[in-house]
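Some notes on the structure that comes next.
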Ligand code: HAM
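In this note's numbering, the protein residues as written are 959 to 1384.
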């Protein structure tokens, strides 16, 4: 034990009541938006077999795994929810009515280098659709992101959502540098995802690393970097073959987003490829417009994840939105509410002799569904009134010897200051 007593593990958070109220406020919005889209909530253990998360594509998330061996089992704290979700779908595959719309709010663990908005545990609102192969699923998911932003008061000008299609990138590369090496595509995406963080030179080094998984020639690496610069779909279309299906798909997505009324806040960005290996089609990430924080949310289509885990082929798409980034952004914009403890009534026996009457009253009010703070000691009345005021209570019920003798309580309404007597029923 350190001199000052125990502390929470670096990168993790304690939630004191004020902070927990804010967290629940956010989670309530997650749940409300999910239910508006007819999603059902699921959950899974935080602890999973480590192999569920270990992929060999060079992803950061695998290096950041909290894992350990216990009784010959290799276990890990989940760094994300998607593999657990796939495991759950696989266990019931065949018996599920498709398409599935499931959401969850798991706590996830990653041993990250900490920066602003990046912790070693975070909660992540996940929304996933399984069994729908068309881009209607991605449109629905992106629209849910915007409904959440609207619900918490984030102006459209505060958030930008960037979209790309891995299938579009793959199509261009399979016609060129990756013609005979489809297995290099996922590791290539993992590397180019880092471009904003480490810059084009370091990305080129990794793409051309002779001992790496991608091993491009310098010329091919330069072509890839040039391709990532496209911020208009028409520019990206120049790399696509005639009749490109992924191109048609992303155009359809923009048409749908227009119908949802969110297309103006969505832009095409060829450099958005996501750092997780399992994505196969449309990918997207939302950022604060000022670009000071890491992504608010990220997701996309992952049609082959179930197969890689030994299950049947089943298309899927989804996203994860982190509570840390969102809360930082809301705090920056002054949008994080200060929520008081919500209490309806404070019940106070002025002396010990009146306690049974106070207990009976508190019991009655609680059974009616009121939130009641029954004062447990015998503080001074002044202190009780000040505390009641601070906690935002609506009324204070006082029972002193005089009230008890007459079978009544004095009820003071804190907003109006009005006072009346009410009969105590036993
Ligand atoms: P991800 O991009 O790794 O995707 O994480 C999603 C979001 O979780 C991020 O945009 C960020 O807000 C938050 N997040 C991630 N790591 C941290 C961290 N260390 N500290 C704070 N916040 C963090 C996934 O995890 C995918 N499984 C999402 C998904 C669901 N794709 C399909 N379905």
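Glycine is no exception: its CB is placed at the ideal position from the N, C-alpha and C atoms.
With which residues is residue i paired in a DSSP beta bridge?
{"i": "residue 1357", "result": "1307"}
{"i": "residue 1100", "result": "Per DSSP, none; premise fails for residue 1100."}
{"i": "residue 1066", "result": "1080"}
{"i": "residue 1226", "result": "1121"}
{"i": "residue 1058", "result": "1088"}
{"i": "residue 1330", "result": "1303"}
{"i": "residue 1377", "result": "1370"}
{"i": "residue 1383", "result": "In DSSP, residue 1383 forms no bridge with anything."}
{"i": "residue 1250", "result": "Residue 1250 is not bridged to any residue."}
{"i": "residue 1073", "result": "1076"}
Please check the pair residue i and residue j, which I expect to be a contact at CB under 8 Å, by giving their CB distance rounded to whole angstroms.
{"i": "residue 1076", "j": "residue 1069", "result": "With 8 Å as the limit, residue 1076 and residue 1069 do not qualify as a contact, their Cβ atoms being about 11 Å apart."}
{"i": "residue 1208", "j": "residue 1126", "result": "6 Å"}
{"i": "residue 1072", "j": "residue 1002", "result": "About 26 Å separates the two Cβ atoms, so there is no contact after all."}
{"i": "residue 1244", "j": "residue 1117", "result": "6 Å"}
{"i": "residue 1097", "j": "residue 1215", "result": "6 Å"}
{"i": "residue 1195", "j": "residue 1205", "result": "6 Å"}
{"i": "residue 981", "j": "residue 1281", "result": "7 Å"}
{"i": "residue 1153", "j": "residue 1191", "result": "About 19 Å; that fails the 8 Å criterion."}
{"i": "residue 1162", "j": "residue 1179", "result": "5 Å"}
By the DSSP assignment, the beta strand (DSSP E) with residue i in it spans what residues?
{"i": "residue 1085", "result": "1079-1088"}
{"i": "residue 1276", "result": "1274-1280"}
{"i": "residue 1027", "result": "1025-1028"}
{"i": "residue 1369", "result": "1366-1371"}
{"i": "residue 1241", "result": "1240-1246"}
{"i": "residue 1005", "result": "1005-1007"}
{"i": "residue 1002", "result": "Element bounds for residue 1002: n/a, residue is neither H nor E."}
{"i": "residue 1259", "result": "1255-1259"}
{"i": "residue 1031", "result": "1031-1035"}
Out of the options, state which residue places its alpha-carbon closest to the alpha-carbon of residue i.
{"i": "residue 1377", "options": "1365, 1353, 1359 and 1363", "result": "1353"}
{"i": "residue 1150", "options": "1228, 1320, 1338 and 1199", "result": "1228"}
{"i": "residue 1146", "options": "1166, 1005 and 1155", "result": "1166"}
{"i": "residue 1276", "options": "1296, 965, 1239 and 1019", "result": "1239"}
{"i": "residue 1298", "options": "1267, 1270, 1263 and 1345", "result": "1345"}
{"i": "residue 967", "options": "1024, 1020 and 1362", "result": "1024"}
{"i": "residue 1011", "options": "983, 1043 and 998", "result": "1043"}
{"i": "residue 1122", "options": "1184, 1085, 1212 and 1059", "result": "1212"}
{"i": "residue 1101", "options": "1281, 1368 and 992", "result": "992"}
{"i": "residue 1104", "options": "1007, 1327, 1179 and 1284", "result": "1284"}
{"i": "residue 1328", "options": "1090, 1304, 1340 and 1337", "result": "1304"}
{"i": "residue 1120", "options": "998, 1161 and 1189", "result": "1189"}
{"i": "residue 1365", "options": "1381, 1350, 1372 and 1373", "result": "1381"}
{"i": "residue 1057", "options": "1315, 1350 and 1092", "result": "1092"}
{"i": "residue 1128", "options": "1028, 1199 and 1026", "result": "1199"}
{"i": "residue 1360", "options": "1293, 1210 and 1307", "result": "1307"}
{"i": "residue 1363", "options": "1314, 972 and 1374", "result": "1314"}
{"i": "residue 1302", "options": "1178, 1336 and 1323", "result": "1323"}
{"i": "residue 1067", "options": "1074, 1080, 1187 and 1059", "result": "1080"}
{"i": "residue 1009", "options": "995, 994, 1031 and 998", "result": "1031"}
{"i": "residue 994", "options": "1048, 963, 1085 and 970", "result": "1085"}
{"i": "residue 1021", "options": "1034, 1027, 1355 and 1029", "result": "1034"}
{"i": "residue 1131", "options": "1153, 1089, 1164 and 1197", "result": "1197"}
{"i": "residue 1074", "options": "1254, 962, 1124 and 999", "result": "1254"}
{"i": "residue 1367", "options": "1373, 1375, 1374 and 1357", "result": "1357"}
{"i": "residue 1115", "options": "1224, 1182, 1162 and 1052", "result": "1224"}
{"i": "residue 975", "options": "1371, 1300 and 1293", "result": "1300"}
Can you tell me where the alpha helix (DSSP H) with residue i in it begins and where it stops?
{"i": "residue 1040", "result": "1040-1050"}
{"i": "residue 1203", "result": "1203-1218"}
{"i": "residue 1264", "result": "1263-1266"}
{"i": "residue 964", "result": "Per DSSP, residue 964 belongs to no alpha helix (DSSP H) and is neither H nor E."}
{"i": "residue 1163", "result": "1153-1166"}
{"i": "residue 1324", "result": "1313-1325"}
{"i": "residue 1183", "result": "1176-1186"}
{"i": "residue 977", "result": "975-994"}
{"i": "residue 1149", "result": "1143-1150"}
{"i": "residue 1018", "result": "1018-1021"}
{"i": "residue 1345", "result": "1339-1348"}
{"i": "residue 1191", "result": "1191-1195"}
Do the stretch 1137-1151 and the stretch 1167-1185 touch if we need at least three Cβ pairs shorter than 8 Å? The stretch 1137-1151 vs the stretch 1167-1185: in contact.
Check whether the stretch 1242-1254 and the stretch 1032-1041 are in contact - that is, three or more C-beta pairs closer than 8 Å. These segments do not touch.
At least 3 beta-carbon pairs within less than 8 Å: the stretch 1104-1122 vs the stretch 1277-1292: In short, these stretches touch, since the Cβ pair count reaches three.
How about the stretch 1052-1066 and the stretch 981-1000: do they share at least three Cβ pairs that are nearer than 8 Å? Verdict: yes, contact present.
Touch check for the stretch 1328-1348 and the stretch 1302-1319: three-plus C-beta pairs under 8 Å? yes
At least three beta-carbon pairs within less than 8 Å, the stretch 1128-1137 to the stretch 1174-1182: yes
Tell me whether the stretch 1009-1017 and the stretch 1232-1246 touch, counting them as touching only if at least three CB pairs, one residue from each stretch, are closer than 8 Å. yes
Flag this pair as touching only if the stretch 1155-1162 and the stretch 1267-1283 have three or more C-beta atom pairs under 8 Å; answer yes or no. no
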